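Take a look at the structure set out below.
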Amino acid sequence: MPNILFVSYDGMTDPLGQSQVIPYLAGLTRYGYQFTILSCEKPEKYHLHKDHIIKILEPYPIKWVPLFYHKNPPVLSSVFDLMVMKRKARYLHSKEKFDMVHTRSGTPALVGLWMKKKLGVKFLNDIRDFYADSRRDDGSWKETSPIFGRIYKYFKNKEREEIAQSDGMVCLTHKAEKIIKTWPYYKPGATLKVIPCSVDLNLFDPDRIDIDLKKEFEFRLDLDEDDIVFSYLGSIGGWYLINEMMSFFKTINDTIQNSKFLFISPNQHEKIYDAASKAGIPIEKIRVTDAQRNEVPVLLSLSDYSVFFIKSCYSKQASSPTKHGEVMAMGIPVITNSGVGDVADIVKKYNSGIILEKLTRDDYLKTAQFLSKEDPFERNVIREGAKNYFSLENAVNEYRNIYDLILKKMD
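In terms of my numbering, the numbers along the sequence shown are unbroken and rise by one, the last being 577.
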């Protein structure tokens with residue numbers, strides 16, 4: 167049975183670990199693979215949710231080796247985490263004799279590259295984002311900074327080496343695939359697969375919603391049957407343009423009187439209310455709640471539309487927002503902006519929402535007027551689009567193919 171080390175800087179107790187790591191690996195175990203997950207966990211989330219993760223993993227040949235993530239001091243904490251991850255990876259390899267290491271971008275990819283060069287382990291480079299460029303684009307690593315400029319260059323140099331040394335690569339979008347193939351250090355013909363962020367279609371299924379729980383949420387959130395609900399799913403801040411989304415909803419609310427804006431968000435609730443207030447939105451028009459993963463589909467089912475605006479920049483061409491597939495799987499039209507991964511192409515292909523080319527009041531007003539007159543979207547068609555594009559089963563099969571391809575090269 168091939169033995170794989172999966173390295174992630176995201177914790178399994180984080181939402182992304184539970185939606186974009188564990189389901190994939192659990193699916194791959196059906197094809198004879200066994201795993202050890204080496205992840206960096208945020209202490210507070212780990213202590214709250216570790217038992218839940220252990221229970222999820224229990225039926226599968228998946229071992230979980232959690233380390234603690236360190237945030238401070240900046241830079242030095244990341245260097246420390248990398249050292250600890252390498253040390254633990256070496257120890258685990260001495261016991262387990264891994265056939266392959268599968269890593270995400272950034273710090274985990276440094277571990278994978280090191281294991282390939284020093285320990286001779288096959289290396290699958292899962293390019294979930296253009297790591298260094300994303301840090302530059304969000305302002306964290308300014309190239310003019312004496313320290314962060316060097317860090318940016320270091321990771322860009324390592325990115326070149328990771329591309330050249332990997333035994334296979336995965337990226338999330340067709341736009342990223344085209345960009346990677348233009349890089350001079352990409353070897354023509356090298357294995358590179360596009361696998362977007364997938365969705366568990368059994369969990370995110372409008373026909374499997376707990377009706378009693380839905381009614382409970384409607385009551386708790388004080389939503390009326392005739393309300394037109396716009397939702398936002400996920401954390402705020404960072405790449406997600408909360409002020410622009412509030413400006414959009416202000417225009418919606420001025421046009422559609424019975425509209426509400428529901429935020430399904432784990433934290434920073436006061437910032438959501440503050441942003442609404444600054445945009446001139448009455449507080450009674452905003453609803454904010456957090457949710458366990460199994461509650462998210464129920465809360466989404468309260469939505470007529472779902473909104474997410476993301477900063478458009480070079481690095482975001484590699485992005486596949488997890489929320490996009492989850493919302494589509496529920497048959498809910500999305501309202502979003504262009505310039506992020508393959509999002510606009512997907513929305514247009516499956517007639518699954520509205521793409522705003524610019525985030526201006528004129529565009530907001532046109533959208534509001536359009537939605538006030540008609541609803542041209544077919545929920546069942548949107549869900550079928552999600553099945554076609556974001557299926558977890560399809561993603562697992564694609565990973566199985568690339569795993570088989572890499573490990574057969576060992577024979």
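From the three backbone atoms N, C-alpha and C, an ideal C-beta is built for every residue, glycine too. A quick note: this is a predicted structure, and the numbers were derived from the prediction, not measured.
The shortest CA-to-CA distance from THR417 to any of LYS263, ASP570, ALA342 and SER538 is the one to SER538. A distance of 7 angstroms or more separates the beta carbons of LYS229 and THR269.
Under the DSSP assignment, THR502 falls in the beta strand (DSSP E) whose first and last residues are 500-503. Inter-residue distance for ILE452 and ALA442 is about 8 angstroms (C-alpha atoms, whole angstroms). Look at ASP333 here: in three-state DSSP terms it is coil, with no helix or strand label. Counting along the chain, no alpha helix (DSSP H) covers TRP230; the unbroken beta strand (DSSP E) around it starts and ends at 228-234. Around ASP470, the same chain offers ILE394 and VAL395 as residues with beta carbons nearer than 6 angstroms, after the five sequence neighbours per side are excluded. Between LYS208 and TYR175, the C-beta gap is not smaller than 7 angstroms, which leaves the two residues out of contact. In this structure, the beta-carbon distance from LYS489 to GLY400 falls below 7 angstroms. With a 10 Å radius around the Cβ and a threshold of 16 neighbouring Cβ atoms, ALA330 comes out exposed. A Cβ-Cβ contact shorter than 7 angstroms links THR339 with ASP508. Taking a C-beta distance under 7 angstroms as the contact criterion, GLY497 and ARG527 do not qualify as a contact pair. Between ILE476 and VAL506, the CB-CB gap stays under 7 angstroms. For the segment 236-314, the continuous beta strand (DSSP E) assignments of 3+ residues that do not extend past its boundaries occur at 266-269 and 288-293, in sequence order. The criterion of a C-beta distance shorter than 7 angstroms is not satisfied by ILE361 and ALA192.
Distances from the CA of GLY278 to each of LYS308, GLU325 and ASN238 were compared; the closest alpha carbon is that of GLU325.
Residue range 452-455 is occupied by the beta strand (DSSP E) that includes ARG453.
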